[in-house]
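Per the numbering used here, the first sequence runs over residues 1 to 472.
Virtual Cβ for every residue (Gly too), placed ideally from N, Cα, C.
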Amino acid sequence: MPIRLYNSLTGKKEEFVPKDPANVTMYACGPTVYAMSHIGHARSAVSFDVISRYLRYSGFRLTYARNYTDVDDKIINRANEEDVSCDELAERYIKAFDEDMASLGVLLPDARPRATQTIGRIIALTSALIEKGFAYASGADVFYSVRKKKDYGKLSGKNIDELEAGARVDVNEAKADPLDFALWKGSKPGEPAWNSPWGMGRPGWHIECSAMCMDRLGETIDIHGGGRDLIFPHHENEIAQSEAYTGKTPFARYWLHNGFVNIAKEKMSKSLGNILNIRDALTGHTPEAIRLFLLSSHYRSPIDYTQESLKDAENAVDRLYKTIERVDRECPEANGKEHRDEQWFAPIIEAMDDDFNTAMVIGLLFKEVSLANRLLDEGGRDNAQELSRILSLIKEASGFLGVFDKAPEDYYKLRRAVIGLKISPDEIERLISERNEARKTKDFKRADEIRRGLLEQGVVLEDAPDGTKWSA
RNA sequence: GGCGGCGUACCCAAGUGGUAAGGGAGCAGUCUGCAAAACUGCCAUUCAGCGGUUCGAACCCGCUCGCCGCCUCCA
Numbered sequence: 001m002p003i004r005l006y007n008s009l010t011g012k013k014e015e016f017v018p019k020d021p022a023n024v025t026m027y028a029c030g031p032t033v034y035a036m037s038h039i040g041h042a043r044s045a046v047s048f049d050v051i052s053r054y055l056r057y058s059g060f061r062l063t064y065a066r067n068y069t070d071v072d073d074k075i076i077n078r079a080n081e082e083d084v085s086c087d088e089l090a091e092r093y094i095k096a097f098d099e100d101m102a103s104l105g106v107l108l109p110d111a112r113p114r115a116t117q118t119i120g121r122i123i124a125l126t127s128a129l130i131e132k133g134f135a136y137a138s139g140a141d142v143f144y145s146v147r148k149k150k151d152y153g154k155l156s157g158k159n160i161d162e163l164e165a166g167a168r169v170d171v172n173e174a175k176a177d178p179l180d181f182a183l184w185k186g187s188k189p190g191e192p193a194w195n196s197p198w199g200m201g202r203p204g205w206h207i208e209c210s211a212m213c214m215d216r217l218g219e220t221i222d223i224h225g226g227g228r229d230l231i232f233p234h235h236e237n238e239i240a241q242s243e244a245y246t247g248k249t250p251f252a253r254y255w256l257h258n259g260f261v262n263i264a265k266e267k268m269s270k271s272l273g274n275i276l277n278i279r280d281a282l283t284g285h286t287p288e289a290i291r292l293f294l295l296s297s298h299y300r301s302p303i304d305y306t307q308e309s310l311k312d313a314e315n316a317v318d319r320l321y322k323t324i325e326r327v328d329r330e331c332p333e334a335n336g337k338e339h340r341d342e343q344w345f346a347p348i349i350e351a352m353d354d355d356f357n358t359a360m361v362i363g364l365l366f367k368e369v370s371l372a373n374r375l376l377d378e379g380g381r382d383n384a385q386e387l388s389r390i391l392s393l394i395k396e397a398s399g400f401l402g403v404f405d406k407a408p409e410d411y412y413k414l415r416r417a418v419i420g421l422k423i424s425p426d427e428i429e430r431l432i433s434e435r436n437e438a439r440k441t442k443d444f445k446r447a448d449e450i451r452r453g454l455l456e457q458g459v460v461l462e463d464a465p466d467g468t469k470w471s472a
């Protein structure tokens, strides 16, 4: 079964046929590093992380690049506000972004180019576009002329005349046409600047991605991704300038765009003050819960972040690890045996092949979790074969989902740290013994008192046939 | 105004032509000293509404209503 994916360029789900299956290329737009990254950045990164993992899982040899845009108006403004250099500011937020991604289990892309390290290529591209007649210098600025390429608008479905009528574009006398966009901007004193044929200056917004992309992956790539909002103007402009430069169409064979994360049904925005940083989301929740939350909907759908939806994800992760732990305990012989069964795994592959339908995969996994518990209730050891199959299945899927890949005890350790459990495991064990003494002498009042006390501190007790278990 | 998307149970969410996955919540039962967890059963004759195509539609077409995104920086 081939992979099918939704291509924003054609508006259809298409079979994925890479240019060269032995060397698949993917580029995802990374953050502009001027502030802490938020849950929306996390969604984009997690989506393309899963896609890259799955392409590799499917047998493609993939080169995946994700950039940092580290020169930009917003960075300059912020750096001025804080009275630090642009480099220092960018460096700080690149580091923070990397840390956030690592905690969410996002693997490092093969290449992580920075705009400021690709200036030579940007200048070369800009010069070439002028030579080819697609761009023009105006003072110290260089603009791309959108009307020069007749298929401008093919990604976003816009046409130039309607955009013109929209009149929401800024008026700039230096431009021949209000819709033209800057490839190169002459810099004011104090701004980051590089020497160029047009004087000291810096790149415009869209050109850096074309440059980094070509630099790392070549003139035609297989997959180009990013958030939905980048379709216009960013990706539209990337297509225009790249195709004008190379003369090759298409620049990217498949365009993939992830949906937004809304906060309680509202778009995150500075004016609403509802931007949820990854770090804030990470206090009080395990990274795995956040990742599961993000993967519980299809990557193209909008999702709504609420306290409750996170709690749901948290419960689901707990349920899964609790079940794995139970299998380990009640049927140890199920563990360790690799039991890859194509037949049983087929529905999961089918779901992933269908435009990376992680929500479906998660549904299928939880069906297996229910089955595992039922088998254990019926007498685990008789079902070792079946249980080991389920364990293998979860392990296999966790490889590309990036969740459910820990040992249960590691997960619980992390969870205790996240919720800030004050009481020590030793103290808990001591109280459990005390309670079990009380239970033996039928002093249930005392026993319940201890249980209630622990519950108030976030510790839940379970009296199982083979002893009392606790969890946070 | 232009372009695009969405509307599936109390909540979240798959399913896109063959008769409604999964999770959470809730209710009842098994187990338990009581709980918790797990399991079992119940919980959408129906997929915003109305028409149409079809042997058959949540899935295709048309219209209506509602919500949202992009068109300006944005993941």
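Practice prompt. Identify, in the order they occur along the chain, each residue of the same chain with its Cβ nearer than 6 Å to the Cβ of L9, setting aside the five sequence neighbours on each side.
Written response: L155, W255
Worksheet item: How should R430 be labelled, buried or exposed, when 16 other C-beta atoms within 10 angstroms of its C-beta is the threshold for buried?
Response: exposed
Discussion item. If you reduce the DSSP assignment to three classes, tell me which class G166 lands in.
Written reply: Since pLDDT at G166 reaches only 49, below the 50 mark, its modelled position is unreliable, and the value read off the structure follows with that caveat. In this structure, G166 counts as helix in the three-state DSSP scheme.
Worksheet entry | Cβ-based burial, A22 [other Cβ within 10 Å; buried from 16] | exposed
Worksheet entry | Length of the line joining the Cα atoms of V17 and V24 | 10 Å
Worksheet entry | Per-residue burial, G473 [other beta carbons within 10 Å of its own, 16 or more giving buried] | An answer regarding residue 473 cannot be provided, because it is not within the stretch 1 to 472 covered by the chain.
Discussion item. By alpha-carbon positions, which one of W198, T358, I450, N237 ends up nearest to D49?
Written reply: T358
Discussion item. If distances are taken between C-alpha atoms only, which option among F444, K445, I278, W194 comes closest to M36?
Written reply: I278
Practice prompt. Sort E91, L401, R66, Y144 by Cα distance to E131 and report the nearest one.
Written response: Y144
Worksheet item: Which value, in whole angstroms, describes the spacing of the CA atoms of G227 and K367?
Response: 31 Å
Worksheet item: Quick one: Cα of Q385 to Cα of S392, how far?
Response: 11 Å
Item to complete: Might you give, ordered along the chain, the residues of its own chain that have their beta carbon closer than 6 Å to the beta carbon of V71, omitting 5 neighbours on each side?
Response: A115, T116, P192, R202
Item to complete: Note down the Cα distance separating G402 from A313, rounded to an integer number of angstroms.
Response: 15 Å
Practice prompt. On the DSSP bridge assignment, give the partners of W184 in chain order.
Written response: V142, P203
Practice prompt. Please go through the same chain and pick out, in chain order, the residues whose beta-carbon is closer than 6 Å to the beta-carbon of I390, but skip the five residues on each side of it.
Written response: E368, A372
Worksheet item: Leaving out five residues before and five after N436 in sequence, what residues of the same chain have Cβ atoms less than 7 Å from its Cβ?
Response: T468
Practice prompt. Kindly indicate which three-state DSSP category T215 falls into: helix, strand or coil?
Written response: The question names Thr, but residue 215 is Asp in the sequence shown. Three-state result, D215: helix.
Worksheet item: If D355 sits next to L5, beta carbons under 8 Å apart, how far is it from one beta carbon to the other, in whole angstroms?
Response: 5 Å
Fill in: E308 to L295 span [Cα, whole Å]
16 Å
Fill in: C-beta atoms of P287 and L421 nearer than 7 Å
no
Fill in: Proximity winner among N77, D466, I160, D463, relative to G190 (alpha-carbon distances)
N77
Practice prompt. Please state whether DSSP places E475 in a helix, a strand or coil.
Written response: Because the chain is modelled from 1 through 472, residue 475 falls outside the range shown and cannot be assessed.
Worksheet item: If you count every other CB in all the chains shown that lies within 10 Å of the CB of F404, and 16 or more means buried, which is it?
Response: buried
Worksheet item: Between the C-alpha atoms of R329 and K413, what's the straight-line distance to the nearest angstrom?
Response: 18 Å
Worksheet item: Quick one: is G204 buried, meaning 16 or more other Cβ sit within 10 Å of its Cβ, or exposed?
Response: buried
Worksheet item: At what residues does the alpha helix (DSSP H) containing I428 begin and finish?
Response: 425-440
Discussion item. Do R291 and V46 have their beta-carbon atoms positioned less than 7 Å apart in this structure?
Written reply: yes
Discussion item. In the DSSP assignment, the beta strand (DSSP E) including I3 goes from what residue to what residue?
Written reply: Unbroken run through I3: none, as it is neither H nor E.
Fill in: Distance CB(Y321)-CB(P408) smaller than 7 Å
yes
Fill in: Neighbourhood of E325 by C-beta, 6 Å cutoff - its chain only, sequence neighbours within 5 removed
P408
Worksheet item: In three-state terms, what does DSSP make of W198?
Response: coil
Worksheet item: Grouping DSSP H, G and I as helix and E and B as strand, with all else coil, what is S471?
Response: strand
Item to complete: Determine the direct distance from the alpha carbon of Y305 to that of D151, and round the result to whole angstroms.
Response: 38 Å
Discussion item. Please report the distance separating the alpha-carbon of E15 from that of N7.
Written reply: 10 Å
Practice prompt. Have a look at I119 and E219 and give me their C-alpha separation to the nearest angstrom.
Written response: 17 Å
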